[in-house]
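With the first letter of the sequence shown counted as 1, position 339 gets the number 338 in numbering that gives the first Met the number 0; the numbers rise by one all the way through. Idealized CB from N, CA, C, for every residue including glycine.
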Amino acid sequence: MRRICAAVLLLAALLSLSGCSAMLERSYQVVTDHPEHPATADDSGVLKAESYQDLVNDILYFVNQGVESGVIRMIDYTRDVETDLNNACLEVARDAPIGAYAVDFIKYDYTPVVKYYEANITISYQRTQEQIRSIQNVTGTSAIRAELQEALLQFSSESVLHIAYFNEDEDYIASLIQQAYYDTPAAAFGMPQYTISLYPKTGSERIVEILLQYPDTPEALRRKSAQLRQQAEQLTTALNGHTPTNMARSLLALLRQRVELVSDSTPDRSTAYAALMENQADSEGLALAFQLLCQQLKLECTLVQGTLDGVPHFWNIVALEDGAYRHVDASQATGLFYTDRELSNLNYVWNTTETPVCGGQTTTTSP
């Protein structure tokens, strides 16, 4: 007997099979995408299954291993073989993250033997084995951002993450991409265009595929990034060992001396490269340059995106040696180490829930 279960098959056709409706009505049980090697029936490598969950795990194991065809021996199987094979193929291809991402279709046939059934499973893939092997397993926002930062640093064209305990959507991933971009000033040469796909669409465990397009070739951007980091290292060498306050003050003075502020923002002036290598930048480019120099000195720094007098504007928050946080705006002629209240009084607006609190007594000084 031969059947095909594929993500592209109409569910209505599957529902017409005996027992399928019961499977589809039940809540989906998350199964690990990396099961240990299932029990084998003998030394031939044939897998065995005594329950429906064994069957799902065996097929899932085939997918994780990139197996195109395999055999499952259904021993002492008391359930409906036809229905369970159909439903197990569908569950792996549609509901398991690795199946939804990598599988084109799964087909099967089975043969009744005296005391068991022997099922032959054939799997067609829509992803290469290299793509499957490159999937990174992550849990939590920090881990996702770290992987995204690494992808941006390498100017990778895609990043595929297997995320556990994940109930977010594409907009959430988009916000993390933007955060990762501003956390990676050495590779920030213009926000890349991105496409986000989730496999499956719902569930608490999913694979997130992110395709990235950059404003230049990866080779050209890597060269520029290396030049930028070398420049940042040279500019900060003399400041190693200074206090955070002196570092921040010196960096601000350095940028004001070297960089001409451009009021009309353009993409080629909104980068740390424009500020440190071409000596012209807007507030975004200056904030990214300040961020990069702070990272070079291991000085805790956050880039802030908000508005000034109703116009989009960028600046930074630094951590000082007394544990206090203060705002620094490298695009402004005077003022340093603003508190939140001082900055608000100057018509700055930003999302205060996403930045460290800059409280305490007034410490505003000129550099």
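For ASP108, there is no enclosing alpha helix (DSSP H); the enclosing beta strand (DSSP E) covers residues 102-111. Between ALA286 and PHE313, the CB-CB gap stays under 8 Å. Closest option to ARG221, judged by alpha-carbon separation, among PRO96, SER155, LYS47: SER155.
Check the Cα spacing between LEU54 and each of ASP103, TYR109, ALA99, ALA329: the tightest is with TYR109.
Between ASN86 and THR77, the alpha-carbon positions lie close to 16 Å from each other. THR183 counts as buried, since at least 16 other C-beta atoms from the protein chains shown sit within 10 angstroms of its C-beta.
If you draw a 10 Å sphere on the C-beta of GLU129, you find fewer than 16 other C-beta atoms in it, and that means exposed. Restricting attention to beta strand (DSSP E) runs no shorter than 3 residues, the segment 199-282 encloses them at 204-212, ordered along the chain. A contact is defined here as three or more CB-CB pairs under 8 Å, and the segment 145-162 meets this definition with respect to the segment 202-222. ALA92 is positioned such that its CB atom lies no closer than 8 Å to that of TYR198. GLN226 is positioned such that its CB atom lies closer than 8 Å to that of MET276.
Within its own chain, the residues whose Cβ lies closer than 7 Å to the Cβ of ASN346, once the five positions on either side in sequence are excluded, are LEU307, ASP308, listed in chain order. Taking the Cα of PHE104 as reference, the smallest distance to any Cα among LEU46, GLU117, GLU67, ARG72 is reached at GLU67. Collapsing the DSSP output to three states places THR306 in a strand. By the neighbour-count criterion, in which 16 or more other beta carbons inside 10 Å mark a residue as buried, ASN278 falls on the exposed side.
A straight line joining the alpha-carbon of THR201 with that of LEU210 spans about 20 Å. Around the Cβ of ARG268, a 10 Å sphere holds 16 or more other Cβ atoms; the residue is buried. Between ALA187 and GLU117, the alpha-carbon positions lie close to 55 Å from each other.
Around the Cβ of SER133, a 10 Å sphere holds fewer than 16 other Cβ atoms; the residue is exposed.
Annotation: the continuous alpha helix (DSSP H) that includes LEU54 extends over 51-64. Exclusion of the five residues before and after TYR181 leaves LEU302 as the residues of its chain whose Cβ lies within less than 6 Å of its Cβ. Residue pairing by DSSP places ILE122 opposite ILE105 in a beta bridge. Contact annotation: GLY359 and ALA323 have beta-carbon atoms nearer than 8 Å. In the three-state reduction of the DSSP assignment, TYR164 falls in the coil class. The beta carbon of ASP57 is closer than 7 Å to those of PRO37, LEU46, ALA48, ILE71 in its chain, skipping five residues each way along the sequence.
The beta carbons of GLU320 and THR242 sit about 5 Å from each other, so the pair counts as a contact at 8 Å. The beta carbons of ARG255 and ALA329 sit closer together than 8 Å.
Taking all protein chains in view, the Cβ of VAL258 is crowded by 16 or more other Cβ atoms within 10 Å, so the residue is classified as buried. By the beta-carbon neighbour count (other beta carbons within 10 angstroms, threshold 16), THR235 is buried. Judged by DSSP secondary structure, ALA150 falls outside any beta strand (DSSP E) and instead within the alpha helix (DSSP H) spanning 140-153. Taking all protein chains shown into account, ASP168 has fewer than 16 neighbouring C-beta atoms within 10 Å of its C-beta and is therefore exposed.
In the structure shown, CYS300 adopts extended strand secondary structure according to DSSP, grouped into three states.
Each residue's CA atom was taken as its position, placing ILE316 and VAL62 some 47 Å apart. Its chain contains LEU296 as the residues whose beta carbon lies nearer than 8 Å to that of ASN239, once the 5 sequence neighbours on both sides are disregarded; these appear in chain order. Put simply, the backbone Cα of GLN153 is about 29 Å away from that of VAL327.
CA-to-CA, the gap between SER262 and ASP281 works out to about 6 Å.
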